[in-house]
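Numbering (our numbering), first residue to last: 408 to 861.
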């Protein structure tokens with residue numbers, strides 16, 4: 408593969424498309440969307456090979472500061488006029504040169520960086536006629552080898568890599584267990600809110616899905632009361648919660664944080680047999696330390712999501728976990744939701760997974776479980792995450808599920824589906840998916856082209 412060599416980029420085409428949601432999706436931020444408006448990125452090299460990605464986020468900044476239209480402006484005005492010309496000037500340019508250029512941008516937008524990098528991975532795979540999951544595994548082993556060499560471990564890395572290879576082959580064959588994420592449901596003239604939850608859950612159970620993620624809020628109506636209603640009907644169902652950082656800590660006049668109210672609400676949910684609580688809150692200062700204060704006081708394992716923006720936060724998490732041993736305090740397990748777009752791309756995600764695997768192996772006090780997160784995404788982003796999580800790591804249910812659970816239409820010729828409760832990656836060169844240009848033309852709201860070689 409000539410060390411991931413990339414030909415000069417000739418053209419980049421951007422489209423904002425409207426893809427209707429099957430049902431409105433609402434999180435604790437209060438937004439009920441009726442469609443998602445992904446940015447489709449198509450990168451073409453000078454030989455005519457194309458790489459595709461989608462930038463998937465909410466249209467406004469309810470989830471973070473990088474809503475779709477903010478990202479569009481960043482792409483059109485800040486990124487593309489600058490980075491492609493700089494990249495094309497490098498003689499033996501590789502995808503890692505592209506990564507370095509992207510990550511040197513001040514106040515970079517992780518969603519934009521991720522989408523551009525993802526399209527280049529797809530282009531590289533199609534150019535070399537190789538699936539991205541195979542490339543990712545080689546990179547993953549390289550990072551693991553670096554961690555091994557630094558640790559001066561005594562076991563044979565060659566033997567360990569054979570174990571990992573068998574685990575990877577099994578993951579590719581079996582796929583990942585799928586769970587569905589359920590937005591806040593509200594009653595209307597036709598149905599009560601519990602009827603709406605029941606309909607969604609029953610549909611999932613019929614597909615062999617045995618886990619759900621419930622969006623919750625600080626109000627009892629959408630935490631303890633809601634979970635009580637669902638657990639009464641579905642005693643064997645695996646339930647996770649996700650607050651999307653909506654539980655705000657109290658502060659005194661000196662700015663000191665009081666977590667007692669959050670801790671009491673979460674510990675009141677213990678009786679409902681919850682597996683994990685995802686991102687109860689987020690803090691601007693001393694975030695990881697305060698997160699671990701919550702983790703030590705809340706009985707159910709916590710999961711990080713909005714806090715993870717790159718592999719640096721993962722390294723910080725590992726460091727804090729190791730630091731617990733010195734204080735003789737205990738946190739049994741931390742889950743980490745790895746969303747490719749949030750973590751600034753696939754390279755940072757691969758480094759994060761290698762770092763987590765090695766930390767879990769090298770230090771028995773560390774127990775971090777990463778899993779593949781979902782925005783909601785279009786199929787290409789979902790499949791990129793499945794290629795990433797073909798890596799041989801301990802993981803949990805992914806909330807990547809049937810595309811038709813979320814959307815009534817698609818921009819691609821292939822679609823993500825669940826069989827017997829599991830979701831498998833779509834194989835093929837790159838990420839194995841191809842745009843349906845008729846659908847893109849039908850659904851597009853805005854477009855822009857950049858030509859770099861004439």
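Cβ coordinates follow ideal geometry from the N, Cα and C atoms, glycine included.
Remember, predicted model here, so these are calculated numbers, not experimental data.
When DSSP labels each residue in this structure, what does residue i get in the three-state scheme?
i, result
"residue 541", "helix"
"residue 683", "strand"
"residue 729", "helix"
"residue 749", "coil"
"residue 595", "coil"
"residue 773", "coil"
"residue 712", "coil"
"residue 787", "helix"
"residue 453", "coil"
"residue 761", "helix"
"residue 421", "strand"
"residue 480", "helix"
"residue 673", "helix"
"residue 413", "coil"
"residue 569", "helix"
"residue 838", "coil"
"residue 519", "helix"
"residue 507", "helix"
"residue 815", "coil"
"residue 689", "coil"
"residue 460", "strand"
"residue 512", "coil"
"residue 852", "strand"
"residue 631", "helix"
"residue 531", "helix"
"residue 798", "coil"
Comparing C-alpha positions only, which one of the options sits nearest to residue i?
i, options, result
"residue 853", "673, 754, 422, 627", "422"
"residue 755", "543, 613, 450", "543"
"residue 545", "849, 841, 794", "794"
"residue 831", "758, 580, 539, 572", "580"
"residue 670", "708, 660, 509", "708"
"residue 440", "790, 619, 467, 714", "467"
"residue 514", "860, 697, 728, 717", "717"
"residue 694", "860, 668, 684, 724", "724"
"residue 424", "416, 858, 843, 860", "843"
"residue 456", "662, 730, 744, 536", "536"
"residue 775", "729, 750, 817", "729"
"residue 859", "490, 427, 786, 751", "490"
"residue 634", "662, 781, 592, 534", "592"
"residue 650", "433, 848, 420", "433"
"residue 520", "797, 749, 834, 771", "749"
"residue 450", "426, 528, 568, 764", "528"
"residue 428", "810, 848, 620, 659", "810"
"residue 508", "745, 558, 494", "494"
"residue 583", "618, 678, 608, 740", "618"
"residue 454", "426, 431, 416", "416"
"residue 523", "538, 506, 765", "506"
"residue 781", "808, 430, 657, 764", "808"
Would the beta-carbon of residue i fall within 8 angstroms of that of residue j?
i, j, result
"residue 631", "residue 653", "no"
"residue 461", "residue 447", "yes"
"residue 589", "residue 812", "no"
"residue 622", "residue 435", "yes"
"residue 784", "residue 463", "yes"
"residue 715", "residue 760", "no"
"residue 526", "residue 459", "yes"
"residue 777", "residue 532", "no"
"residue 779", "residue 815", "no"
"residue 700", "residue 648", "no"
"residue 452", "residue 414", "yes"
"residue 705", "residue 674", "yes"
"residue 757", "residue 788", "no"
"residue 833", "residue 790", "yes"
"residue 564", "residue 576", "no"
"residue 473", "residue 518", "yes"
"residue 375", "residue 731", "Residue coverage of the chain in this structure runs from 408 to 861, which leaves residue 375 outside it and unanswerable."
"residue 838", "residue 539", "yes"
Who pairs with residue i in a beta bridge, going by DSSP?
i, result
"residue 657", "665"
"residue 857", "419"
"residue 648", "621, 684"
"residue 805", "585"
"residue 826", "829"
"residue 742", "710, 776"
"residue 446", "423, 462"
"residue 612", "According to DSSP, residue 612 bridges with nothing at all."
"residue 467", "Beta-bridge pairing links residue 467 to no other residue."
For the segment 476 to 493 and the segment 817 to 828, state whether three or more C-beta atom pairs, one from each stretch, are separated by less than 8 angstroms.
-> Result no; under three Cβ-Cβ pairs closer than 8 angstroms.
Counting Cβ pairs, one atom from each stretch, are 3 or more of them under 8 angstroms apart for the segment 596 to 612 and the segment 632 to 644?
-> yes
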